[in-house]
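For what it's worth, my numbering labels the leading residue of the sequence shown as 1, then goes sequentially. Heads up, the beta-carbon is just placed ideally off N, CA and C, and yes, glycines get one too.
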Amino acid sequence: MATAIFFASSTGNSEEIASKISSKLDGIEVFDLAGTKIEKINNYDKIILGGSTWGDGELNDDWEDAWADFCKLDLSSKTIALFGLGDQESYSDEFCSALGIIYEQVNSSGAEIVGFTSTQGYYHDASKAQIEDKFVGLILDEDNQSDLTDERIENWVNEIKENIL
């Protein structure tokens with residue numbers, strides 16, 4: 001079963017995180033949605049989806065451009081893990097909420113979702129990417145907690161490796 005990462009990045013942070021995750025998972029393929037048709041997801045059984053939150057909890061432009069086609073994909077036979085980036089200080093009310101939007105679509109499609117993480121150690125008011133005391137995937141704040149990124153990636157990859165490779 002093939003595994004790949006699909007991400008959208010406006011500033012390069014999501015691209016860097018996707019690359020770090022890939023290197024921890026035996027160099028799995030990485031695709032930037034800016035130059036990849038979303039239907040390419042159909043070629044993979046196990047998928048990691050990621051990106052950052054923009055504005056008031058919105059998808060970034062590349063996710064927004066692919067969204068209508070993404071919502072048409074049949075993900076019911078797929079295993080999916082999610083990662084998101086946000087700024088918990090400046091956007092405390094919508095911290096990583098774009099990942100929550102992606103999660104809702106993936107979940108409603110019937111995919112198996114792996115890689116939920118604890119909200120401990122984060123300081124935000126609200127997030128669409130949060131269900132009770134868990135985030136729906138790996139959450140990173142490169143603006144305020146970049147010193148924790150590598151450790152968070154390592155822990156998350158170790159958690160999902162069995163299900164995603």
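Exercise for the section: Tell me, to the nearest whole angstrom, how far the beta carbon of Ala4 is from that of Glu29; I am working on the premise that it is less than 8 angstroms. Expected result: 4 angstroms
Exercise for the section: Out of Ile164, Phe70, Glu89, point me to the one whose CA is closest to Ile113's CA. Expected result: Ile164
Handout entry: CB of Asn42 within 7 angstroms of CB of Ala8, strictly
Key = no
Practice task
Using 10 angstroms around the beta-carbon of Cys96, count the other beta-carbons present and answer buried if the total reaches 16, otherwise exposed.
Solution key: buried
Problem - Beta-carbon spacing of Val136, Leu82 below 7 angstroms - result: yes
Problem - Every unbroken alpha helix (DSSP H) inside the segment 15-81 [4 residues or more] - result: 61-70
Handout entry: Inter-residue Cα distance where the pair is Lys78 and Thr119
Key = 25 angstroms
Exercise for the section: Report yes if the C-beta distance between Ile48 and Phe70 is below 7 angstroms; otherwise report no. Expected result: no
Problem - Bounding residues of the alpha helix (DSSP H) (the contiguous stretch that carries Leu148) - result: No alpha helix (DSSP H) holds Leu148; DSSP gives it neither H nor E.
Handout entry: Supposed contact pair Leu148 and Ala129 - C-beta distance, whole angstroms, cut 8 angstroms
Key = So it is not a contact: roughly 17 angstroms between Cβ atoms.
Exercise for the section: Please state if the CB of Gly115 and the CB of Ile153 are separated by a distance shorter than 7 angstroms. Expected result: no
Handout entry: Rounded C-alpha distance that separates Asp62 from Lys46
Key = 21 angstroms
Practice task
Can you grab the Cα-Cα spacing for the pair Thr11 / Glu142, in whole Å?
Solution key: 11 angstroms
Handout entry: For Asn144 and Gly57, the rounded distance between their alpha carbons
Key = 17 angstroms
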